[in-house]
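Asks: Residue numbers (our numbering): 26 to 532. Every residue, glycine too, gets a C-beta built ideally from N, C-alpha and C. In this text, all values refer to a predicted model and were calculated from it rather than measured experimentally. The structure follows.
Below you can see the structure in the form of structure tokens.
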């Protein structure tokens, strides 16, 4: 049964839409405001939303953004008056499927909503296919074969299905949100929304209403009830990012929500029961914050039932080549630009840099290089100056000379005793995960501006073969664990083992 939610403050127009669409075999639900529509979507599911642009209180643009947080991929058709078509076009750029002008023609209304339903069904099928191709492994988007990342994957598989509150700790840019998403996808709540709140992004009074909601009349301008993020995440996961920045006065309210499973919206006369799992993340040392009186100890213990650390990039440099390959693949598609190769000097500079901004900084540097490069080969001339001059402690800043470090430090930084990188020889190109390289089908550029065959003929296969051998050795030849550690499917691992003749060696 096709199901439509109409969010419109005009009862007459809602009634007209209901009559037309029910005649076409649809089930129609109604909401008189953005807040009411969000509350409905937090508890129930539809196939398409018809959303009015202009409503008192929460307008169409804000409601659209909140719907996309709750249900990514849910088709939303905007309703607009003739004079505000420009606003609807802006909404389409922000993710709306289409728009209709009021009053909508019956045939056009039916046709657009039927197309939106087809689009939503296709998106759902694509997502289901993506999950099947990744062997339903929620850790598949997490790239890296280092011991640190293997521990993170193991934690996700063990802790994900539980209902325990989890605290993710790590520096900015290390991928804490990616870990949170993987934990949600591994849980029994995966079919319900994961709602995100950045506790550092809003001042205390706004953050309180965002988290817990408010009732009509709670303050000047509160013309309608507004559900908080706890209510919007009903049945799913609430991800509290930068939890260390939560003001002390709100920490007590959060503690009550965790202990009693209720929240009290501003202006409410009674608490509201909530059903969410909490995952929190921070780049602060919360134990020190507790000692300094900046964070409640009882709240810390409530949040820290299970704890996982998202490692900084400098501590897992052996993952950088594979990570860079995955990022370049996506960036090529995003910017509609392909590259043909990556110079050894480019990779060497990446491997020697300390990456204080972690993976986020790496992505920015790669996108900058991709856009500014005048060649189809990425070279060091496209890198920002700090990447070329700022080296890790103990690493020589002069490119002509080899790295000056003892063997122990070299091994910590992903180098062997001969000063070679994890990809084999220091002149090797990027080892890859499950991406298209020469001889493997699709090109890295995704069809934009040419392919991305191996950067250095004769050395790419050696580098990838060495990476596979190392991963197999670490995991005792167990193929399933090796594929998980490399972030590729078991089918892809099987293909690569055959390609490099490793099966014939009894591996």
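To the nearest angstrom, how far is the alpha carbon of residue 61 from that of residue 33?
Replies: 10 Å
Asks: Would you identify the three-state DSSP class for residue 454, choosing helix, strand or coil?
Replies: The pLDDT assigned to residue 454 is 36, lower than 50, so where the model puts this residue is not dependable, and the model offers no usable value.
Asks: For the alpha helix (DSSP H) that contains residue 509, what are its first and last residues?
Replies: 504–511
Asks: Leaving aside the five residues before and after residue 91 along the sequence, list all residues of the same chain whose C-beta is less than 6 Å from its C-beta, in chain order.
Replies: 63
Asks: Can you tell me whether DSSP reads residue 199 as helix, strand or coil?
Replies: Residue state for residue 199 is assigned as coil, using DSSP reduced to three classes.
Asks: For the putative contact between residue 82 and residue 103, defined by C-beta atoms under 8 Å, what is the C-beta separation to the nearest angstrom?
Replies: No, residue 82 and residue 103 are not in contact; Cβ-Cβ is about 17 Å, not under 8 Å.
Asks: Can we say the region 199–206 touches the region 246–255, given the rule of at least three CB pairs closer than 8 Å?
Replies: no
Asks: Where does residue 114 sit, in a helix, a strand or coil, going by DSSP?
Replies: helix
Asks: How big is the Cα-Cα spacing for residue 162 and residue 126?
Replies: 43 Å
Asks: Please return the same chain residues whose Cβ sits closer than 7 Å to the Cβ of residue 415, not counting the five positions on each side in sequence.
Replies: 378 and 379
Asks: Tell me which same chain residues have a C-beta within less than 6 Å of the C-beta of residue 508, skipping the five on either side of it?
Replies: Taking residue 508 as the centre and dropping the five residues before and after it, the same chain places the C-beta of 515 and 518 closer than 6 Å to its C-beta, in chain order.
Asks: Please return the same chain residues whose Cβ sits closer than 6 Å to the Cβ of residue 576, not counting the five positions on each side in sequence.
Replies: For residue 576 there is no data in the structure shown, the boundaries of the chain being 26 and 532.
Asks: Give me the Cα-Cα distance between residue 536 and residue 28, rounded to the nearest whole angstrom.
Replies: As displayed, the chain neither begins before 26 nor continues past 532, which places residue 536 out of reach and without an answer.
Asks: Taking the CB atoms as reference points, tell me whether residue 124 and residue 136 lie closer together than 8 Å.
Replies: No. Outside cutoff.
Asks: Roughly how many angstroms separate the alpha carbons of residue 332 and residue 401, rounded to a whole number?
Replies: Each residue's alpha carbon lies about 43 Å from the other.
Asks: Expressed to the nearest angstrom, what Euclidean distance is found between the alpha-carbon atoms of residue 397 and residue 179?
Replies: 39 Å
Asks: For residue 239, does the three-state DSSP call read helix, strand or coil?
Replies: strand
Asks: Where does residue 326 land, buried or exposed, given buried means 16+ other C-beta within 10 angstroms?
Replies: exposed
Asks: May I ask you to list the residues that DSSP assigns as paired with residue 75?
Replies: 31 and 102
Asks: Looking at C-beta atoms only, is the number of pairs between the region 168–185 and the region 278–290 that lie closer than 8 Å three or more?
Replies: no
Asks: Starting from residue 277, follow the alpha helix (DSSP H) in both directions and report where the run begins and ends.
Replies: 273–285
Asks: Between residue 392 and residue 329, what straight-line distance do the alpha-carbon atoms span, to the nearest angstrom?
Replies: The straight-line gap from Cα to Cα measures roughly 36 Å.
Asks: Do the CB positions of residue 288 and residue 264 come within less than 8 Å of each other?
Replies: no
Asks: Could you name each continuous alpha helix (DSSP H) segment of 4 residues or more that falls completely within the region 331–387, going from the start of the chain to the end?
Replies: List check, alpha helix (DSSP H) in window: 345–360 and 369–377.
Asks: Considering just the uninterrupted stretch of the beta strand (DSSP E) at residue 123, what are its terminal residues?
Replies: 123–126
Asks: Between the Cα of residue 259 and those of 284, 218 and 238, spot the shortest distance and give me the residue it belongs to.
Replies: Put simply, of 284, 218 and 238 the residue whose alpha carbon is nearest the alpha carbon of residue 259 is 218.
Asks: Would residue 76 and residue 101 qualify as a contact pair, given that the criterion is a beta-carbon distance under 8 Å?
Replies: yes
Asks: Would you check if the distance between the CB atom of residue 302 and the CB atom of residue 182 is smaller than 8 Å?
Replies: No, Cβ-Cβ distance for residue 302 and residue 182 is not below 8 Å.
Asks: For residue 490, name the three-state secondary structure that DSSP assigns.
Replies: helix
Asks: Let me know if residue 290 comes out buried or exposed under the rule of 16 or more other beta-carbons within 10 Å of its beta-carbon.
Replies: buried
Asks: State the beta-bridge partners of residue 191 as determined by DSSP.
Replies: 304 and 331
Asks: DSSP three-state call for residue 173: helix, strand or coil?
Replies: The answer is helix: DSSP assigns residue 173 an H, G or I state.
Asks: Starting from the C-beta of residue 236, find all residues in its chain whose C-beta is less than 6 Å away, skip the five residues before and the five after it, and write them out in chain order.
Replies: 253 and 254
Asks: State yes or no: is the C-beta of residue 337 within less than 8 Å of the C-beta of residue 383?
Replies: yes
Asks: What would DSSP say about residue 26, mapped onto helix, strand or coil?
Replies: coil
Asks: Could you spell out where the beta strand (DSSP E) holding residue 221 opens and where it closes?
Replies: 219–223
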